[in-house]
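In the working numbering, the protein residues as written are 343 to 691.
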Ligand code: DAH
């Protein structure tokens with residue numbers, strides 16, 4: 343009997359060499375461990391073994407079963423590893439193949455221009471301060487030296503809230519942020535901020551939209567003069583429109599500044615020679631500015647005998663129109679992808 347076990351073991355050792363793939367592995371497994379397999383047959387012989395031999399037979403039988411099972415398992419692992427290695431070897435990745443085209447979005451021209459403004463001013467030590475679009479009449483007008491009934495309010499007619507909010511409106515200028523920044527500054531000390539954001543007016547044509555974007559600048563300190571204002575705005579205009587740009591200051595009027603100026607730059611289309619864009623003048627008006635009116639400083643708690651300041655404001659849409667050659671402001675807010683896509687990768691310099 344025990345020899346029979348020995349024979350099964352030997353024949354299995356030989357059959358092991360037949361295993362070359364998963365199919366032959368399975369065939370060998372079935373022919374030893376399957377229902378009619380050789381090892382299974384040996385176990386069925388147990389009942390005919392005399393009692394005194396059962397123990398030895400059982401031990402030998404277990405040994406051969408463990409041997410067969412573990413060898414088959416080892417073969418299986420080896421085959422799997424071989425298959426994996428072959429697969430890895432065959433599967434090379436061709437990194438020179440062109441990839442699927444990634445669809446990229448593009449920055450909105452207003453985002454680009456706002457970032458450009460902020461870059462230039464933060465590089466000069468300004469911080470960006472943002473105020474809300476819904477403002478009180480007080481902050482938008484009164485504390486900027488525009489009391490109720492002031493004639494200059496006409497040019498900034500806007501949208502008003504109703505009922506218990508009737509003192510609130512959609513801000514018509516980012517100058518309101520000046521008031522907020524001054525009031526929030528508890529030390530009533532120096533300030534150097536730019537305030538970008540949306541503003542609203544009752545306007546709508548090719549160059550005016552009911553909603554547009556301004557940026558405001560405010561510098562407050564001791565010994566601030568018109569020279570600081572001129573130097574800053576000249577530098578800014580050259581940085582945003584090009585080094586060759588010439589800048590001109592004209593006296594003007596704003597209720598919140600005294601004296602007030604308007605800033606013109608040489609037309610970037612014709613370089614100052616005169617063309618349709620600059621109406622043959624060679625100049626284009628780009629900014630309003632001036633020395634902060636003492637009343638404005640005082641109304642927000644500053645001592646105007648100690649502190650002076652200058653302020654400026656401009657429409658960012660205008661700059662985007664100039665820089666990117668946009669002729670109708672309404673296209674900026676129309677959100678037509680075909681229009682916006684044109685600015686993809688457009689160089690800002
Ligand atoms: N807020 C003015 C406007 O909307 C622009 C402006 C002019 C802002 C002069 C200023 C300034 O800060 O000093 O027309």
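We treat Cβ as the ideally placed atom computed from N, Cα and C, and that holds for glycine.
CA-to-CA distance, residue j to residue i, given in whole angstroms
| i | j | result |
| --- | --- | --- |
| residue 549 | residue 672 | 8 Å |
| residue 567 | residue 552 | 35 Å |
| residue 417 | residue 443 | 45 Å |
| residue 637 | residue 616 | 40 Å |
| residue 533 | residue 440 | 53 Å |
| residue 667 | residue 454 | 14 Å |
| residue 509 | residue 484 | 11 Å |
| residue 409 | residue 399 | 15 Å |
| residue 512 | residue 563 | 30 Å |
| residue 670 | residue 521 | 32 Å |
| residue 590 | residue 677 | 35 Å |
| residue 375 | residue 381 | 6 Å |
| residue 603 | residue 447 | 40 Å |
| residue 626 | residue 463 | 22 Å |
| residue 445 | residue 452 | 21 Å |
| residue 353 | residue 427 | 30 Å |
| residue 498 | residue 517 | 12 Å |
| residue 450 | residue 685 | 7 Å |
| residue 675 | residue 540 | 12 Å |
| residue 384 | residue 367 | 21 Å |
| residue 495 | residue 570 | 28 Å |
| residue 403 | residue 425 | 33 Å |
| residue 645 | residue 565 | 13 Å |
| residue 578 | residue 523 | 22 Å |
| residue 619 | residue 611 | 7 Å |
| residue 501 | residue 467 | 34 Å |
| residue 665 | residue 519 | 26 Å |
| residue 575 | residue 503 | 35 Å |
| residue 369 | residue 358 | 11 Å |
| residue 647 | residue 546 | 42 Å |
Residue i burial status per 10 Å Cβ neighbour count (16 or more: buried)
| i | result |
| --- | --- |
| residue 356 | exposed |
| residue 477 | buried |
| residue 435 | exposed |
| residue 506 | exposed |
| residue 606 | buried |
| residue 392 | exposed |
| residue 437 | exposed |
| residue 631 | buried |
| residue 690 | Low local confidence applies: a pLDDT of 48 at residue 690 is under 50, so the model's placement there is unreliable, with the coordinate-based value given in what follows. Per the 10 Å Cβ criterion, exposed. |
| residue 491 | exposed |
| residue 538 | buried |
| residue 663 | buried |
| residue 595 | exposed |
| residue 651 | buried |
| residue 639 | buried |
| residue 582 | buried |
| residue 386 | exposed |
| residue 679 | exposed |
| residue 659 | buried |
| residue 431 | exposed |
| residue 415 | exposed |
| residue 423 | exposed |
Beta-carbon spacing of residue i, residue j below 8 Å
| i | j | result |
| --- | --- | --- |
| residue 481 | residue 635 | no |
| residue 473 | residue 554 | no |
| residue 316 | residue 514 | Absent from the structure is residue 316, since the part of the chain shown begins at 343 and ends at 691. |
| residue 608 | residue 588 | yes |
| residue 536 | residue 459 | yes |
| residue 643 | residue 525 | yes |
| residue 361 | residue 406 | no |
| residue 633 | residue 599 | yes |
| residue 654 | residue 682 | no |
Where residue i sits in the DSSP three-state scheme
| i | result |
| --- | --- |
| residue 540 | strand |
| residue 607 | strand |
| residue 556 | strand |
| residue 670 | coil |
| residue 549 | coil |
| residue 636 | helix |
| residue 439 | coil |
| residue 483 | coil |
| residue 676 | helix |
| residue 590 | strand |
| residue 574 | helix |
| residue 470 | strand |
| residue 307 | The chain is shown only over 343 to 691; residue 307 falls outside these bounds and no answer can be derived. |
| residue 511 | strand |
| residue 535 | strand |
| residue 499 | coil |
| residue 595 | strand |
| residue 347 | helix |
| residue 444 | coil |
| residue 618 | coil |
Any non-hydrogen atom of the ligand ADP within 7 Å of residue i CB
| i | result |
| --- | --- |
| residue 464 | In terms of ligand content, the structure shown lacks the ligand ADP and carries the ligand DAH instead. |
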